[in-house]
Every structure is written in structure tokens, then in C-alpha cells.
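Using this note's numbering, you'd call the opening residue of the sequence shown number 100 and step up by one each time.
Let me begin by presenting the structure, written as C-alpha cells, before commenting on it.
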Amino acid sequence: MSSPVSTLTITRPDDWHLHLRDGAELASVLGYTARAFARAIVMPNLRPPVTTVKQAARYRDRIRAALPAGMSFEPLMTLYLTDTTSPAEIDRAAASGFVAGVKLYPAGATTHSDAGVTSLARCAAAFERMEERDVVLQVHGEATGDDVDPYDRESVFIERELAPLVARHPGLRVVLEHVTTRAGVEFVRAGAGKVAATITPQHLLYNRGAMFRGGLRPHLYCLPILKRERDREALVAAAIAGDPRFFLGTDSAPHERYAKETACGCAGVFSAPAALELYARAFEEAGRLDRLESFSSFNGADFYRLPRNQGRVTLERRAWTVPESLPFGAGEIVPMCAGETLAWQLRDAGGAP
Ligand code: DOR
Ligand code: ZN
Numbered sequence: 100m101s102s103p104v105s106t107l108t109i110t111r112p113d114d115w116h117l118h119l120r121d122g123a124e125l126a127s128v129l130g131y132t133a134r135a136f137a138r139a140i141v142m143p144n145l146r147p148p149v150t151t152v153k154q155a156a157r158y159r160d161r162i163r164a165a166l167p168a169g170m171s172f173e174p175l176m177t178l179y180l181t182d183t184t185s186p187a188e189i190d191r192a193a194a195s196g197f198v199a200g201v202k203l204y205p206a207g208a209t210t211h212s213d214a215g216v217t218s219l220a221r222c223a224a225a226f227e228r229m230e231e232r233d234v235v236l237q238v239h240g241e242a243t244g245d246d247v248d249p250y251d252r253e254s255v256f257i258e259r260e261l262a263p264l265v266a267r268h269p270g271l272r273v274v275l276e277h278v279t280t281r282a283g284v285e286f287v288r289a290g291a292g293k294v295a296a297t298i299t300p301q302h303l304l305y306n307r308g309a310m311f312r313g314g315l316r317p318h319l320y321c322l323p324i325l326k327r328e329r330d331r332e333a334l335v336a337a338a339i340a341g342d343p344r345f346f347l348g349t350d351s352a353p354h355e356r357y358a359k360e361t362a363c364g365c366a367g368v369f370s371a372p373a374a375l376e377l378y379a380r381a382f383e384e385a386g387r388l389d390r391l392e393s394f395s396s397f398n399g400a401d402f403y404r405l406p407r408n409q410g411r412v413t414l415e416r417r418a419w420t421v422p423e424s425l426p427f428g429a430g431e432i433v434p435m436c437a438g439e440t441l442a443w444q445l446r447d448a449g450g451a452p
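Okay, here's the thing in C-alpha cells:
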């Protein structure tokens with residue numbers, strides 16, 4: 100029997116969906132992403148949200164200023180779509196050279212989404228201009244309202260909102276962010292419009308049972324919530340298929356420990372400290388480590404029409420234990436798989452993209 104490979108060198112990857120927060124929190128988490136990823140799409144759900152190109156430019160400056168010395172990393176900015184986003188703002192985004200897309204949060208769907216879109220009809224002019232100017236729409240694809248079961252929110256959103264939107268705008272490039280269901284995978288595969296999807300490490304590695312194993316596991320609570328095993332299997336199949344429409348987006352979403360371990364905890368899994376290693380684990384479990392590179396380093400860049408990175412990163416088969424907690428602003432944060440041993444470890448990266 101041949102022994103398993105002990106190193107894996109791939110083109111430096113990008114993270115196509117990331118929350119970096121701001122201020123001291125930003126400074127605490129940025130290095131984890133920059134060590135592995137050359138670029139990341141930075142989500143705009145700050146308080147207040149990043150709704151204009153001017154605000155995005157200032158946020159980008161703060162991110163660059165927070166980058167640890169010696170690291171290179173390019174933040175790709177997004178605007179937070181609201182009921183009142185104007186076509187002129189879309190024009191400014193298209194002309195900016197640093198805004199990579201516009202993010203649609205249905206109002207009330209998730210963390211800091213109260214300023215989100217109350218009805219897609221209100222954004223008709225913005226969508227039209229995005230289609231014309233070829234600005235990517237990134238979608239948090241969950242229906243809202245207490246009448247919709249949390250496990251059905253993605254499929255209901257696709258049926259009621261996303262499918263009609265894509266039919267109205269066949270030229271609009273859309274990313275169904277953090278796809279979590281078989282229905283979502285099938286929708287992307289069906290090929291309506293120009294729809295791609297990002298997949299998180301937690302949705303590849305866990306089903307909803309993991310949230311309740313031996314007790315309640317708040318650090319695995321995210322939105323969209325972890326789904327059934329058959330959904331996870333569909334996500335893994337999509338990720339390893341070599342289909343260019345599926346790519347890496349961690350949705351790493353840091354919240355301080357106290358905000359997760361409480362009676363009404365925040366949604367978000369902080370995967371950045373071990374992100375690439377966790378994807379390697381998922382691909383290895385599926386027997387397709389050879390497909391990790393296209394998923395992590397090619398497909399997203401090609402979809403966003405950005406050059407693939409030149410640099411390389413190396414993963415080594417070397418057991419290591421994810422820290423139980425890490426500093427986060429003035430407090431602490433619990434990373435995904437805290438205290439667990441992972442088989443793959445990234446050799447110190449952080450070099451040139
Ligand atoms: O779990 C999540 N956390 N899902 C989101 O959509 C937002 C994110 C956050 O910002 O914390
Ligand atoms: Zn997110």
C-alpha cells in the first residue's frame with residue numbers, strides 16, 4: 100500500500116466570503132486569513148453597514164493599516180445593498196476598481212442585517228444597473244419570517260426570490276453565498292443565469308447533529324444553520340466535482356466568546372485560524388485532495404475575472420491542536436475545532452501573492 104502524501108503544495112488560495120469586523124477585532128483576526136489567503140471578499144455588515152463606495156474605501160484603508168508587518172493581502176470590498184441603493188452608487192462601484200460586488204442581505208436574515216433589503220422589488224433599478232455594469236451580486240440566500248422553518252429558509256428563498264430574480268436578470272452574475280442544501284447545489288447546477296456558490300468548511304464537515312453532540316455546541320451555530328447529512332453530502336460532491344461554479348468562501352465570522360456562550364447566542368463560526376487545513380480535511384475525507392486547488396485557488400478567481408495568484412502555499416501532514424481560545428479585541432474567541440487535532444498544517448505562508 101502506498102503511504103499517504105506528506106505535503107501538498109497549491110497555488111495560494113483566496114477566501115471569497117469573509118467577515119473581518121473593525122477596530123481591535125479586525126486587528127485580532129486579520130493575520131489568520133492573510134497567512135493563507137492572498138485576497139478575500141470582505142463582507143460589509145459592520146455597524147453601520149458599508150453602503151457606499153466612499154465607506155468601502157475607508158474600510159479598505161483600515162484593513163490595510165491593520166495588516167501585520169511582512170504580510171501581503173488584498174481586501175476585495177463589497178457594498179451592503181439597501182432598499183435605497185442608487186444606480187449611481189452601482190456606477191461608482193463598477194468604476195472603483197476595488198469593489199468586487201454588492202451583498203444582498205434580506206432584512207432580518209442574520210447578524211447586522213436589519214438595514215437589509217425588505218423586498219427585492221425595491222432594488223429593481225440597482226439590479227438592472229448591476230447587470231448592465233457586470234457588478235457581481237452576492238446573496239445571503241435565506242427567506243425570513245417566523246413562518247419559515249430555519250431548515251427550509253434556503254430552499255424557500257431560492258424558489259420565491261432567487262429563481263425569479265435570475266430569470267429577470269439572466270446576465271447578472273450571482274454568488275449564492277454559503278450554500279448549505281442539496282436544493283441549493285441543484286439550483287446552481289441547473290445553470291439558470293450566471294449563478295455560482297461559495298461553500299464553508301463547517302458545512303462540508305458537519306451536519307446539524309454536530310451542533311447537539313453531547314450537549315449544545317454554540318460555536319457551531321451559524322446562519323444558514325448546519326443542515327441534514329444528505330445536504331452535507333451534496334455540498335461535498337459539489338466541492339470535489341471540479342465544477343468551476345463552486346468555490347471556497349469560509350464565512351469566518353468572529354464573535355467574542357461571551358456573545359456565543361449565552362442564552363441568545365450570535366451566529367457565526369470563526370474558522371480563519373485553521374481554514375485551509377479544514378478544507379484539506381474535507382477533501383481528504385472525500386478522497387479528492389487533488390481537487391482542493393481548483394476549488395480554493397482557481398474557480399473563484401475565474402468567476403470574479405481576477406488573475407489567479409502566482410504564489411504557492413504548502414500544507415504538511417503534521418498533527419497539531421487548534422488552540423482552545425485566542426485573543427479577540429479586549430476579550431477572547433473560540434475558533435472552529437478548538438482543542439481538536441488536525442492532520443494538515445499550513446507551512447508558514449504570508450508571502451507575496
Ligand atoms: O453565521 C453568520 N454570521 N452568518 C451570517 O450571515 C453573518 C455572520 C456574521 O456576520 O456574524
Ligand atoms: Zn457571511
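All residues carry an ideal CB built from backbone N, CA and C; glycine is no exception.
The model shown is predicted, which means the values in this text are computed figures rather than measured ones.
{"query": "Close Cβ partners of ASP182 (< 8 Å) along its chain, the five nearest in sequence each way excluded", "result": "VAL216, THR217, SER218, ARG221 and CYS222"}
{"query": "Proximity below 8 Å, CB of ALA385 to CB of GLY367", "result": "no"}
{"query": "Any non-hydrogen atom of ligand 2 within 7 Å of ALA164 CB", "result": "no"}
{"query": "Buried versus exposed, by CB contacts within 10 Å (16 or more), VAL104", "result": "exposed"}
{"query": "Residue closest to GLU360, alpha-carbon to alpha-carbon, out of PHE197, GLY341, GLU376 and LEU315", "result": "LEU315"}
{"query": "Within 6 Å of ligand 2: residues by beta-carbon to any heavy atom", "result": "HIS116, HIS118, MET142, ASP350 and ALA352"}
{"query": "Distance cut-off 7 Å: HIS354 Cβ against heavy atoms of ligand 1", "result": "yes"}
{"query": "contact_flag[the stretch 280 to 299, the stretch 333 to 341] where n(CB pairs < 8 Å) is 3 or more", "result": "yes"}
{"query": "Any non-hydrogen atom of ligand 1 closer than 7 Å to GLY367 Cβ", "result": "yes"}
{"query": "C-beta contact flag for THR458 and GLY438 at 8 Å", "result": "What is shown of the chain runs 100 to 452, which leaves residue 458 out entirely."}
{"query": "Distance cut-off 7 Å: ASN306 Cβ against heavy atoms of ligand 1", "result": "no"}
{"query": "contact_flag[the stretch 202 to 212, the stretch 142 to 162] where n(CB pairs < 8 Å) is 3 or more", "result": "yes"}
{"query": "Chain-order list of residues whose beta-carbon lies under 6 Å from that of MET100 (same chain, five-residue window excluded)", "result": "Note on MET100: pLDDT 47, under 50, position unreliable in the model; the coordinate value appears next. Correct list: empty, nothing qualifies."}
{"query": "Touch test, the stretch 160 to 175 against the stretch 185 to 192, Cβ-Cβ under 8 Å, three pairs minimum", "result": "no"}
{"query": "Length of the line joining the Cα atoms of MET435 and ALA373", "result": "8 Å"}
{"query": "Three-state secondary structure assigned by DSSP to SER370", "result": "coil"}
{"query": "Beta-carbon proximity list for ASN306, same chain, < 8 Å, skipping 5 on both sides", "result": "LEU325, LYS326, ARG327, GLU328, ASP330 and ARG331"}
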